[in-house]
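Letter by letter, the sequence shown follows residues 220 to 517 in this note's numbering.
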Amino acid sequence: MLFADTSRGRPFAKDPAVVRFLGKYWLYYSITPYNDSREPDGLGIGIATSNDLENWTKVGELELEGDLEKKGIGAPAAWLHNGQLHLFYQTYGNGRRDAICHAISNDGLTFARNPTNPIVRPTGDWNCGRAIDADVAERDGILYLFWATRDPDFKIQMLGVSSAPVDDLRAENWTQLCDGPILKPELDWEQECIEAPAVCVIDGRFYMFYAGAYNNMPQQIGCAVSDDAVHWERLSDQPILPNGGPSDWNSSESGHPYVFVDDDDATHLFYQGNNDMGKSWYLARKRVIWNEGLPVLV
């Protein structure tokens, strides 16, 4: 699988999120929207569907809605609950004021916004007040929302987590569970950035695939495990999915992961990459096999 949206004149699809809904697979991804001069400006969210996780057809885009979204939205995460599709996404273009929003759909194409948006914005003097790159994982009736933020100097990207009861996702019901980063760059290959948390629950434990280093530095993917969603241990000091070699499609990066567990419990890791330092962006997929609590990429 290599998927890119070419509707803007160049291949561009970033920040994948995948879910099985209404008998098919749905892919939500970041795309560059048009501004009034018909040039790409900011970010938006594209929608594609598939019957086999390999061949994708674009079926729509989310329309920007209200002042909160007027500069752009992106980096979606998808979650199913009570027969509805929930999308979590960030605002774009607002610097330290970017935050996480939430919307619900019955058909995968049209979404009703949460009237209390934005639902999550971090607090504390350890961060800059910005939240991006949402992902969610459910355990025991609690929905955990993972997000990326930066330090007050806006230099170091790192991760935090909030939670809410699964049946009431209004902004006032979210509780920030951390008073510092739950994961921050410490290894050489992570450089100054950990972002794009991609979390699943396997045998009661949280597993997080994450992006280390800023885009094209190169960004690569690591993995960590937790029992409480707050305290994390890396599974290795090396990337589980590095960028490719000089002649590979992903020589500039393998980044921004998203983990999807299918109805048959098969696990798939989606990610973005390119070989031209970000002039184009493609999405790809690898199978994940679990071996005694450790993920192995196929």
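No residue lacks a Cβ here, since even glycine has one placed at the ideal position from N, Cα and C. Source: prediction; values computed, not measured.
Length of the line joining the Cα atoms of residue i and residue j
i	j	result
Ile292	Ala350	12 Å
Asp495	Ala267	24 Å
Asp481	Leu460	21 Å
Tyr433	Asp407	13 Å
Thr310	Pro337	9 Å
Cys412	Asp370	11 Å
Met220	Val420	25 Å
Thr342	Phe307	19 Å
Ser256	Ser455	Here the model assigns Ser256 a pLDDT of 49, short of 50, so the residue's position is not dependable, and the following value carries that caveat. When rounded, the distance between both Cα atoms is 47 Å.
Gly492	Pro465	13 Å
Gly327	Glu357	20 Å
Trp393	Asp467	42 Å
Leu246	Phe479	11 Å
Arg389	Leu281	21 Å
Arg227	Ala236	20 Å
Phe222	Tyr490	11 Å
Ser324	His305	6 Å
Glu414	Arg315	16 Å
Phe240	Leu402	31 Å
Gly242	Asp372	46 Å
Pro458	Gln439	6 Å
Leu362	Ala331	19 Å
Glu409	Gly441	9 Å
Trp509	Arg453	16 Å
Cys320	Gly431	24 Å
Leu513	Phe365	21 Å
Lys488	Glu391	The sequence given here places Leu at residue 488; Lys does not occur at that position. Cα-Cα distance, rounded: 32 Å.
Pro197	Asp234	One cannot answer for residue 197 here, as it falls past the ends of the chain, which runs 220 to 517.
Gly497	Tyr477	19 Å
Thr335	Pro437	37 Å
Lys277	Ala232	11 Å
Gly463	Lys505	14 Å
Asp484	Gly279	28 Å
Trp451	Pro404	13 Å
Val238	Val517	20 Å
Leu283	Glu511	44 Å
Asp422	Pro416	19 Å
Distance cut-off 7 Å: residue i Cβ against heavy atoms of the ligand HEM
i	result
Asn435	As for the ligand HEM, it is missing from this structure, which has no ligand bound.
Anticipated Cβ contact below 8 Å, residue i with residue j, distance rounded
i	j	result
Ile250	Asp224	5 Å
Asp354	Val449	With 8 Å as the limit, Asp354 and Val449 do not qualify as a contact, their Cβ atoms being about 15 Å apart.
Val515	Thr486	Actually they are not in contact, since the Cβ atoms of Val515 and Thr486 sit about 10 Å apart, beyond 8 Å.
Asn313	Ala322	Rounded, the Cβ-Cβ distance is 18 Å, inconsistent with contact.
Tyr248	Ser269	Tyr248 to Ser269, Cβ: 12 Å. No contact.
Ala367	Asp344	So it is not a contact: roughly 18 Å between Cβ atoms.
Range of the contiguous alpha helix (DSSP H) that encloses residue i
i	result
Asp286	285-288
Continuous beta strand (DSSP E) stretch holding residue i: start and end
i	result
Gln410	Element bounds for Gln410: n/a, residue is neither H nor E.
Phe428	424-431
Gln376	376-384
Gly312	Where Gly312 is concerned, there is no enclosing beta strand (DSSP E), given that its DSSP letter is neither H nor E.
Val487	Looking at the sequence provided, one finds His at residue 487 rather than Val. Here the beta strand (DSSP E) through His487 covers 486-493.
Cys442	439-445
Leu516	513-516
Asp354	351-358
Leu299	292-300
Arg506	501-510
Glu472	472-480
Phe373	From DSSP, Phe373 is part of no beta strand (DSSP E); its letter is neither H nor E.
Trp275	Looking at the DSSP string, Trp275 is not in any beta strand (DSSP E), and its letter there is neither H nor E.
Asp234	233-240
Cys320	319-324
Lys243	243-250
Gly263	263-269
Do the segment 288-295 and the segment 271-279 meet, that is, are 3 or more Cβ pairs less than 8 Å apart? no
Three-pair Cβ contact test at 8 Å for the segment 415-427 versus the segment 439-447: yes
Are the segment 375-383 and the segment 471-480 in contact at 8 Å, needing three or more beta carbon pairs? no
Would you check if the segment 370-379 and the segment 491-506 touch, i.e. whether three or more CB-CB distances between them fall below 8 Å? no
Specify whether the segment 292-303 and the segment 332-348 touch according to this definition: at least 3 beta carbon pairs, one from each stretch, less than 8 Å apart. no
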